[in-house]
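K.L.:
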Amino acid sequence: MAEVNRCVICVRSVLRRRHHVLSLEFLESHRDFVEYMFGTLQQQQEIIFDGSRSICHPCWQRIDYGLRHPPEQEAPPMPPTETFCVSGLTRAANTSRRCMIDDCNNLELRSVSGTIKAYLLSYYRFYIPPLARICQHHLRTMTWEDFSQNVTQRQDSFNGGNIHDMLDIYTQLLERKKTA
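Going left to right, the sequence shown walks through residues 1 to 180 as our numbering numbers them.
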């Protein structure tokens, strides 16, 4: 008889708390709820829907939320990004954590403007990715001829996103020239 006054899910007493009686009418009108409820039970147990058993309101709310917000399906794994080398073309690391110049610990970092990116790409065949940063000091004092030789972690591998960004750099440059 002690089971009668306990929640069928969490086994807490339902005497002084809001609860929902498990009856035949409940079973017929809430089929999906009952199926979900059986899925949440820790051990397989038999529940009699004769009006003698109950479910506490917090457990009811958890099940109701689970029905309304089903767990998101994990996205299928993305195929690995294919990288390739382009001879004569190098790039900086795509990181915003530090200045791209060797041995620089300055924290005042700036993104590189599209004009500078286009200049370095055109004349020095050096690509600067979108997240790459440079400190204010090196932006003002470094000559462009020395720039690509002083970059930390210079890389020669590219992916489709890099190529797409390079095309965008040139497109934006051409659009600026049209409006000027």
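For each residue, glycine too, the CB sits at the ideal point set by N, CA and C.
Check this for me: beta carbons of residue 19 and residue 54, under 8 Å apart or not?
P.N.:
Result yes, Cβ atoms of residue 19 and residue 54 sit closer than 8 Å.
K.L.:
Go through the region 10-37 residue by residue and report every complete run of the alpha helix (DSSP H) that reaches 4 residues or more, in order.
P.N.:
Within the region 10-37, the runs of alpha helix (DSSP H) that reach at least 4 residues and sit entirely inside it are, in chain order, 24-29.
K.L.:
Enumerate, from N- to C-terminal direction, the unbroken alpha helix (DSSP H) stretches of 4 or more residues contained entirely within the region 82-153.
P.N.:
Correct list: 114-124, 136-141, 144-147.
K.L.:
Pick out whichever of 63, 24, 15 has its Cα sitting closest to the Cα of residue 35.
P.N.:
63
K.L.:
Please classify residue 48: does DSSP put it in a helix, a strand, or coil?
P.N.:
coil
K.L.:
Report back the beta-carbon spacing between residue 49 and residue 24 to the nearest angstrom; my notes put them in contact at under 8 Å.
P.N.:
5 Å
K.L.:
Would you kindly work out how many angstroms separate the C-alpha atoms of residue 15 and residue 32, rounded to a whole number?
P.N.:
26 Å
K.L.:
Across which residues does DSSP place residue 155 in a beta bridge pair?
P.N.:
In the DSSP assignment, the residues bridged to residue 155 are 91.
K.L.:
Identify every residue that forms a DSSP beta bridge with residue 56.
P.N.:
19
K.L.:
For residue 103 and residue 142, I'd like the C-alpha separation in whole angstroms.
P.N.:
Taking C-alpha positions only, residue 103 is separated from residue 142 by approximately 14 Å.
K.L.:
Take residue 81 and list the residues in its own chain whose beta-carbon comes closer than 6 Å to its own, dropping the five residues that flank it on each side.
P.N.:
The beta carbon of residue 81 sits closer than 6 Å to those of 159, all from its chain and outside the five residues before and after it, given in chain order.
K.L.:
Pull up the CB-CB distance for residue 128 and residue 92, whole angstroms please, since I reckon it's below 8 Å.
P.N.:
5 Å
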